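Enquirer: Once you've had a glance at the structure underneath, I'll fire off some questions.
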Amino acid sequence: MILGTVLYRSDFCMAAILRDVFLFKDTARLRHLFLAVVLTLFLFLLLRAVGLSPADPYRGYGIVSLMGVGGGLIFGFGMVLAGGCVMSSLYKMASGNLSYVLVFFGMILGSMLYAELFPWLQEVERSLSLAMPASLFELWPRAMRWVAWTFIALAALLFVQWQRKGYWHLRVEVAGYLQPWLAALCLACISLALYLFSSVPLGISSGYAELAGFLGRMITPEHVASLEYFSRSEAMHLAEGRRYGEVVLMAGVVFGAFVNAVALREFHVSPPPPLSQCGAAFAGGLLIALGARMAQGCNFKHLLGGLPLLSVQSLLFALGLILGVWLGARILPRLLLR
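Per this note's numbering, numbering through the sequence shown is continuous, rising by one, with the last residue being 855.
Right, here's the structure in full:
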């Protein structure tokens, strides 16, 4: 619920932040995303320094495969089409925007599509796997710690310069608006708390897969039971004691955003979008989920969790994500002007 409040009141949408860089040459809010990543890196390094890092600090980032680039590309392209990501679609849907209801169901269908393609995609992932540690911290422990702390120091100097130029504060005349720099601080703290108590940073895309499996069992239980992906993921989640954990997180985001939308008198059900926008929203959601499963996680897991851990898989995802957003920003105007 806290996460839903932070995201809704700040409108911290990674899809819009990255899309606007390529579509409108607007980097104003990219600074806030960069701040969130650097703050999370700083907090994770502090955790390691005081000896509170989880026993398995890179759980969820173990497999390194070039398919992460492809997954990131598909995810980024889908984000631009949908106008949101796995998180922002939830808080926008909670405020009554019907387009994001289509994105939501597109992500569930995309998760089901991945489950159908899982045996083949797993072989592709293995064929493109790289024989290297999960994190650059494992590859060059001492050197990367120095690099990380030096990077934080340089970023801090840059942040001070941005503060002097007044870049942090956005002039928004909206009641209850949460400044993005404060949202970045909140997101870093939330990611730290989840990492400390569950050994896994903030992420939510697996929740859509769990919902897809749950709904699939209601419609075609025999077929879903025959799918290897759902049987393996269910066994893994039960072993880790976190079955439906991300679904609960999703529900909290939706409920928190809904409560804030009502409290601020901003909740209203939007008119049905044009047919072309409906198609783009649904297709975008499908691609987001498919890309997230291919890359072993979403933008929140990789950018606010994996990058601060110097995860190689997250670096590959980030590369693909940037390419996908760039491609989507070039194609989207042509689709809208048709």
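Glycine included, C-beta positions come from ideal geometry on N, C-alpha and C. The structure displayed is predicted, hence computed values, not measured ones.
1) When DSSP labels each residue in this structure, what does residue 612 get in the three-state scheme?
2) Could you tell me which residues DSSP pairs with residue 582 in its beta bridges?
3) Drop a sphere of 10 angstroms on the beta-carbon of residue 767, count the other beta-carbons inside from all chains shown, and report buried for 16 or more, exposed for fewer.
4) Please report the residue range of the alpha helix (DSSP H) in which residue 795 lies.
5) Hey, residue 843 and residue 621 are a contact pair by Cβ (cut 8 Å); roughly how many whole angstroms apart?
6) DSSP three-state label for residue 787, please.
7) May I ask you to report which of helix, strand or coil DSSP gives residue 723?
8) With H, G and I counted as helix, E and B as strand and the rest as coil, what does DSSP make of residue 716?
9) If residue 801 and residue 596 are in contact, beta carbons under 8 Å, what's the gap, nearest whole angstrom?
10) Assign residue 805 to one of two classes, buried (16 or more other C-beta atoms within 10 Å of its C-beta) or exposed (fewer than that).
11) Over what stretch of residues does the alpha helix (DSSP H) that includes residue 775 continue unbroken?
12) Suppose you measure from the CA of residue 815 to the CA of residue 823; what does that come to, to the nearest Å?
13) Suppose you measure from the CA of residue 593 to the CA of residue 556; what does that come to, to the nearest Å?
14) Once you ignore the five residues that flank residue 833 on each side, which residues in its own chain have a CB closer than 6 Å to its CB?
15) Just to confirm the assignment, what range does the alpha helix (DSSP H) spanning residue 658 have?
16) How would you call residue 579, buried or exposed, if buried means at least 16 neighbouring beta carbons within 10 angstroms?
17) I need the straight-line Cα distance from residue 670 to residue 661, nearest angstrom please.
18) Are residue 799 and residue 613 closer than 9 Å when you measure CB to CB?
19) Here's the rule I'm using: 16 or more other beta-carbon atoms within 10 Å means buried, otherwise exposed. How should residue 631 be labelled?
20) In whole angstroms, what separates the C-alpha of residue 529 from that of residue 704?
21) In whole angstroms, what is the alpha-carbon distance linking residue 728 and residue 681?
22) Please classify residue 506 as buried or exposed, where buried requires at least 16 neighbouring CB atoms within 10 angstroms.
23) To the nearest angstrom, how far is it from the Cα of residue 786 to the Cα of residue 641?
24) Does the beta-carbon distance from residue 772 to residue 518 come in below 9 Å?
25) Counting only the same chain and skipping the five closest in sequence on each side, list residues whose C-beta sits under 6 Å from that of residue 588.
Expert: Taking the structure as given:
1) Reduced to three states, the DSSP call for residue 612 is coil.
2) In DSSP, residue 582 forms a bridge with 646.
3) Buried, by the Cβ-count rule.
4) Where residue 795 is concerned, the enclosing alpha helix (DSSP H) stretches over 792-811.
5) Wrong, their Cβ atoms sit about 25 Å apart, outside the cutoff.
6) It is coil, neither helix nor strand.
7) In this structure, residue 723 counts as helix in the three-state DSSP scheme.
8) The answer is coil: DSSP assigns residue 716 none of H, G, I, E or B.
9) 7 Å between Cβ atoms; contact.
10) When all chains shown are included, residue 805 counts as buried.
11) Taken as a continuous stretch (DSSP letters only), the alpha helix (DSSP H) holding residue 775 covers 762-780.
12) Residue 815 and residue 823: Cα-Cα distance of roughly 10 Å.
13) The alpha-carbon separation between residue 593 and residue 556 amounts to approximately 23 Å.
14) The residues 585 and 586, in chain order, have a CB closer than 6 Å to that of residue 833 in the same chain once the five nearest residues on each side in sequence are set aside.
15) Where residue 658 is concerned, the enclosing alpha helix (DSSP H) starts and stops at 658-681.
16) Counting of Cβ neighbours within 10 angstroms places residue 579 among the exposed residues, the total staying below 16.
17) In a straight line, the C-alpha of residue 670 is about 14 Å away from that of residue 661.
18) No, the Cβ-Cβ distance between residue 799 and residue 613 is not below 9 Å.
19) Answer is buried; the Cβ neighbour count reaches 16.
20) The alpha-carbon atoms of residue 529 and residue 704 are separated by roughly 10 Å.
21) Between the alpha carbons of residue 728 and residue 681 lies a distance of about 46 Å.
22) The question about residue 506 has no answer here: the residues shown for the chain are numbered 518 through 855.
23) The straight-line gap from Cα to Cα measures roughly 42 Å.
24) At a Cβ-Cβ threshold of 9 Å, residue 772 and residue 518 count as neighbours.
25) The answer, listed in chain order, is 808, 811 and 812.
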